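**Student:** Can you read through this structure? Questions will come right after.
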Amino acid sequence: MDNPNQHRTRREKRKQEQPPQKRRGLRVLIYIAFTSVFAYVSTVLWIFVGPFSNLRNYLIQSIDETRHAYLLRPLSLFTVSEATIKKYALPNNLSGPTIPIADLQHRDFSKIKDGTIKEITLQEPTFKAFILLVNDPKRIRVVATKYLHVRGETVQEMVSDTGAVAGINAGGFVDTNWQGTGAYPEGITITDGKLVSMTGSASEPQPVIAFTKEGQMIAGTYSLRQLQSLGIAQCVGFGPVLVENGKETPVAGQYDRNPRTAIGQTKDGTVILIVTDGRYATGPNDAGASYQDIADLMLKYHADIAANLDGGSSSTMVYQGKVLNRPVDILGERSVATSIVVMPEGGGSHG
1 MDNPNQHRTR
11 REKRKQEQPP
21 QKRRGLRVLI
31 YIAFTSVFAY
41 VSTVLWIFVG
51 PFSNLRNYLI
61 QSIDETRHAY
71 LLRPLSLFTV
81 SEATIKKYAL
91 PNNLSGPTIP
101 IADLQHRDFS
111 KIKDGTIKEI
121 TLQEPTFKAF
131 ILLVNDPKRI
141 RVVATKYLHV
151 RGETVQEMVS
161 DTGAVAGINA
171 GGFVDTNWQG
181 TGAYPEGITI
191 TDGKLVSMTG
201 SASEPQPVIA
211 FTKEGQMIAG
221 TYSLRQLQSL
231 GIAQCVGFGP
241 VLVENGKETP
251 VAGQYDRNPR
261 TAIGQTKDGT
271 VILIVTDGRY
281 ATGPNDAGAS
291 YQDIADLMLK
301 YHADIAANLD
311 GGSSSTMVYQ
321 GKVLNRPVDI
331 LGERSVATSI
341 VVMPEGGGSH
351 G
């Protein structure tokens with residue numbers, strides 16, 4: 001006698017089988033995943049192992065300038081050695097011309113009363129530049145994250161913390177395992193004459209960008225003891241010097257295009273703050289600026305001295321509560337260790 005459930009069981013088994021459309025969809029997903037992995041591996045090997053050394057070095061340098069050096073090993077599928085990463089690390093490439101302490105011409109801008117700030121936006125062939133001209137250099141102040149040795153803050157947060165009217169990102173930072181959270185400022189950091197943070201010894205010369213209590217900008221490689229002898233009120237660690245004594249320095253012709261941040265000063269004391277876009281954040285005409293480009297801009301606005309600050313995804317300019325440039329970090333405005341802010345004419349909060 002036939003089993004009355006036999007046909008029903010067959011029908012139930014057919015229902016459990018995947019329809020042809022689902023099987024095709026699964027095969028397509030597997031194919032896409034395989035080709036994506038194959039394309040990535042091939043591209044990585046082509047860039048980091050292939051014969052194109054200039055492209056490889058440019059990418060290593062660019063990633064390092066974003067303070068994301070910790071990503072280089074996994075991104076390159078571990079084909080880039082630690083020795084190569086250290087070779088291109090920014091701390092080894094910040095040196096520039098330095099005027100001996102005895103040869104520095106001391107300038108006193110303490111009597112400047114003009115609080116004017118002029119905002120300029122320029123569209124250059126390969127980048128967009130945002131420029132602030134601050135007439136009174138005594139309004140310039142270095143600010144460190146209030147979460148020092150824990151995490152950084154955005155420029156916008158530091159501007160708000162201090163009651164400032166403008167700000168740009170400032171010095172470099174190296175965190176544990178190169179995580180780039182902005183917790184640990186690199187070099188010498190001084191705010192209002194007080195040492196906030198320092199790497200190295202007091203007698204070790206380091207690349208710095210500083211302002212005396214009279215408002216004079218000084219940039220080069222100096223030790224903490226030398227800075228203290230000059231009466232430095234504000235200081236961050238970075239560089240190199242791009243303009244010295246009103247002339248472009250040899251280092252200005254080095255390095256490729258990236259988002260940039262820089263600071264300069266004219267002979268009459270006006271401080272020049274520059275931030276540029278880059279990495280095609282706003283379109284095909286936005287590759288970024290080179291050191292040469294920044295030096296040219298500084299000289300256009302009559303800089304007597306100018307120096308490079310931290311760039312890449314750190315580059316940020318805030319003015320009147322608004323971020324003017326287009327930060328290239330995937331998370332938006334990046335947390336950094338230090339900022340250079342412009343205080344209001346009547347002062348501001350120092351909290």
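Here the sequence shown is numbered in full-length UniProt numbering, starting from 1 and rising by one per residue.
By construction, the Cβ of each residue, glycine as well, lies at the ideal position given by its N, Cα and C atoms.
These numbers were taken from a predicted model, which means no experiment stands behind them.
1. How far does the beta strand (DSSP E) with Gln123 in it reach, from first residue to last?
2. Gly246 and Pro137 - do their beta-carbons sit closer together than 7 Å?
3. Confirm, please, whether the CB-CB distance from Ser314 to Val336 is below 7 Å.
4. Closest by CA to Phe127, which one among Arg334, Ala289, Thr162, Pro207?
5. Here's the rule: buried if 16 or more other CB atoms are within 10 angstroms of the residue's CB, otherwise exposed. What is Tyr319?
6. Would the stretch 193 to 208 count as touching the stretch 277 to 289 if we require 3 or more Cβ pairs under 8 Å?
7. For Thr98, collect the residues of the same chain with a Cβ closer than 6 Å to its Cβ; drop the 5 residues on either side in sequence, then sort them by chain order.
8. Does the Cβ of Ser210 have 16 or more other Cβ atoms within 10 Å, making it buried, or fewer, making it exposed?
9. If you run the structure through DSSP and keep just helix, strand and coil, what is Ala281?
10. Is it a yes or a no for the stretch 140 to 154 touching the stretch 229 to 241, going by three-plus beta-carbon pairs under 8 Å?
11. Thinking C-alpha only, which one of Gly278, Val271, Val208, Val165 is nearest residue 353?
12. Assuming the contact rule is C-beta atoms closer than 8 Å, Gly171 and Asp310 should be a hit. Round their C-beta distance to whole Å, please.
13. Could you tell me which residues DSSP pairs with Ala219 in its beta bridges?
14. Tell me whether Tyr40 is buried or exposed, calling it buried when 16 or more other Cβ atoms sit within 10 Å of its Cβ.
15. Can you tell me which residues form a DSSP beta bridge with Ser313?
16. Give me the Cα-Cα distance between Leu227 and Ala307, rounded to the nearest whole angstrom.
17. Restricting to Cα atoms, I'd like to know which of Leu75, Arg334, Ile117, Met317 is closest to Val49.
18. Where do the N-terminal and C-terminal ends of the beta strand (DSSP E) with Gln234 fall, by residue?
19. Along the chain, which unbroken stretches of the beta strand (DSSP E) at least 3 residues long are found entirely within the stretch 119 to 206?
20. If you draw a straight line from the C-alpha of residue 382 to the C-alpha of Asn258, how long is it?
21. Given that a residue counts as buried once 16 or more other Cβ atoms are within 10 Å of its Cβ, and exposed if not, what is Ala102?
22. Within its chain, find whatever has a CB closer than 7 Å to the CB of His302; leave out the 5 residues flanking it on each side and keep chain order.
23. Could you give the C-beta distance for Met298 and Val341, rounded to a whole number, given that I count them as a contact under 8 Å?
24. Would you give the residue range spanned by the alpha helix (DSSP H) that Ser229 belongs to?
25. Excluding the 5 residues flanking Asn135 on each side, which residues of the same chain have their C-beta closer than 6 Å to its C-beta?
26. How would you call Arg24, buried or exposed, if buried means at least 16 neighbouring beta carbons within 10 angstroms?
27. For the candidate residues Met217, Gln123, Arg225, Thr191, whose alpha-carbon lies nearest to that of Glu204?
28. CA-CA distance, Thr249 and Leu104?
29. Could you give the first and the last residue of the continuous beta strand (DSSP E) run that contains Gln265?
30. Is Lys300 helix, strand or coil by DSSP?
31. Looking only at its own chain, which residues have a Cβ that is under 8 Å from the Cβ of Lys300, when we skip the five neighbours before and after it?
32. Where do the N-terminal and C-terminal ends of the beta strand (DSSP E) with Thr338 fall, by residue?
33. Whole angstroms is fine: what's the gap from Gly312's alpha carbon to Ala33's?
34. Would you tell me roughly how many angstroms separate the C-alpha atoms of Glu333 and Thr261, rounded to the nearest one?
35. Nearest-angstrom Cα distance between Gly239 and Thr43?
36. Return helix, strand or coil for Ile294, following the three-state DSSP convention.
**Tutor:** By the coordinates alone:
1. As a working mapping, residue 123 is identified with position 123 in the sequence shown. Element bounds for Gln123: 117 to 123.
2. Counting from one through the sequence shown, the residue named residue 137 turns up at place 137. Counting from one through the sequence shown, the residue named residue 246 turns up at place 246. Cβ distance not < 7 Å, so Pro137 and Gly246 don't count as in contact.
3. For the purposes of this step, residue 336 is identified with residue 336 of the sequence shown, where counting begins at 1. For the purposes of this step, residue 314 is identified with residue 314 of the sequence shown, where counting begins at 1. Taking 7 Å as the Cβ cut-off, Val336 and Ser314 qualify as a contacting pair.
4. Position 127 of the sequence shown holds residue 127. When only C-alpha atoms are compared, the closest one is Ala289.
5. Position 319 of the sequence shown, counting from 1, holds the residue named residue 319. Buried: at least 16 other Cβ atoms inside 10 Å.
6. no
7. Reading the sequence shown from its first residue, position 98 is the one you call residue 98. Same-chain partners within the cutoff: Gly220, Thr221.
8. Taking the sequence shown and counting its residues from 1, one reaches residue 210 at position 210. The amino acid at residue 210 is misidentified as Ser; the sequence shows Ala. Per the 10 Å Cβ criterion, buried.
9. By 1-based counting over the sequence shown, the position of residue 281 is 281. DSSP places Ala281 in coil when its eight states are reduced to three.
10. yes
11. There is simply no residue 353 to check, as the chain begins at 1 and stops at 351 in what is shown.
12. In the sequence shown, the residue the question calls residue 171 occupies position 171. In the sequence shown, the residue the question calls residue 310 occupies position 310. Right, the Cβ-Cβ distance comes to about 6 Å (below 8 Å), so this counts as a contact.
13. Locating residue 219 in the sequence shown gives position 219, where the first residue counts as 1. Ile209.
14. Counted from its first residue, the sequence shown places residue 40 at position 40. So Tyr40 ends up on the exposed side.
15. The residue you call residue 313 lines up with position 313 of the sequence shown. Note: Ser313 sits in no beta bridge, so no partner.
16. Taking the first residue of the sequence shown as position 1, residue 227 is located at position 227. Taking the first residue of the sequence shown as position 1, residue 307 is located at position 307. Answer to the nearest angstrom: the Cα atoms are 17 Å apart.
17. Stepping through the sequence shown from its first residue, residue 49 is reached at position 49. When only C-alpha atoms are compared, the closest one is Leu75.
18. Locating residue 234 in the sequence shown gives position 234, counting from the first residue. 232 to 237 is the extent of the beta strand (DSSP E) around Gln234.
19. 128 to 134, 140 to 144, 166 to 169, 188 to 191, 194 to 198
20. Because residue 382 is not part of the residues shown, which for the chain are 1 to 351, the question remains open.
21. Here residue 102 corresponds to residue number 102 of the sequence shown, with the count starting at 1. By the neighbour-count rule (16 or more Cβ atoms within 10 Å), Ala102 is not buried but exposed.
22. Translated into the one-based positions of the sequence shown, residue 302 becomes position 302. The answer, listed in chain order, is Thr266.
23. Residue numbering aside, residue 298 sits at position 298 when the sequence shown is read from its first letter. Residue numbering aside, residue 341 sits at position 341 when the sequence shown is read from its first letter. Not really, about 20 Å apart at Cβ, beyond 8 Å.
24. Looking up residue 229 in the sequence shown gives position 229. It spans 224 to 229 - the alpha helix (DSSP H) in which Ser229 sits, taken as one unbroken run.
25. Here residue 135 corresponds to residue number 135 of the sequence shown, with the count starting at 1. Once the five neighbours on either side are set aside, the close Cβ partners of Asn135 are Asp114, Thr116, Thr270.
26. Counting from one through the sequence shown, the residue named residue 24 turns up at place 24. Counting Cβ neighbours within 10 Å, Arg24 comes out exposed, since fewer than 16 surround it.
27. Numbered from its first residue, the sequence shown carries residue 204 at position 204. Of Met217, Gln123, Arg225, Thr191, the residue nearest in Cα terms is Arg225.
28. Indexing the sequence shown from 1 puts residue 249 at position 249. Indexing the sequence shown from 1 puts residue 104 at position 104. About 17 Å.
29. Within the sequence shown, numbered from 1, the residue matching residue 265 stands at position 265. Run containing Gln265: 261 to 266, per the beta strand (DSSP E) assignment.
30. What you label residue 300 is simply residue 300 of the sequence shown in a count that begins at 1. DSSP places Lys300 in helix when its eight states are reduced to three.
31. Translated into the one-based positions of the sequence shown, residue 300 becomes position 300. Within the same chain, Lys300 has no close Cβ partners at all.
32. Position 338 of the sequence shown, counted from the first residue, corresponds to residue 338. Unbroken beta strand (DSSP E) run through Thr338: 338 to 342.
33. The residue given as residue 312 occupies position 312 in the sequence shown. The residue given as residue 33 occupies position 33 in the sequence shown. The alpha-carbon atoms of Gly312 and Ala33 are separated by roughly 31 Å.
34. Indexing the sequence shown from 1 puts residue 333 at position 333. Indexing the sequence shown from 1 puts residue 261 at position 261. Spanning the two alpha carbons is a distance of roughly 14 Å.
35. Your numbering for residue 239 matches position 239 in the sequence shown. Your numbering for residue 43 matches position 43 in the sequence shown. If I take the Cα positions, the gap works out to 33 Å.
36. Start at 1 with the first residue of the sequence shown, and residue 294 comes out as number 294. In the structure shown, Ile294 sits in a helix (DSSP, three-state: H, G or I).
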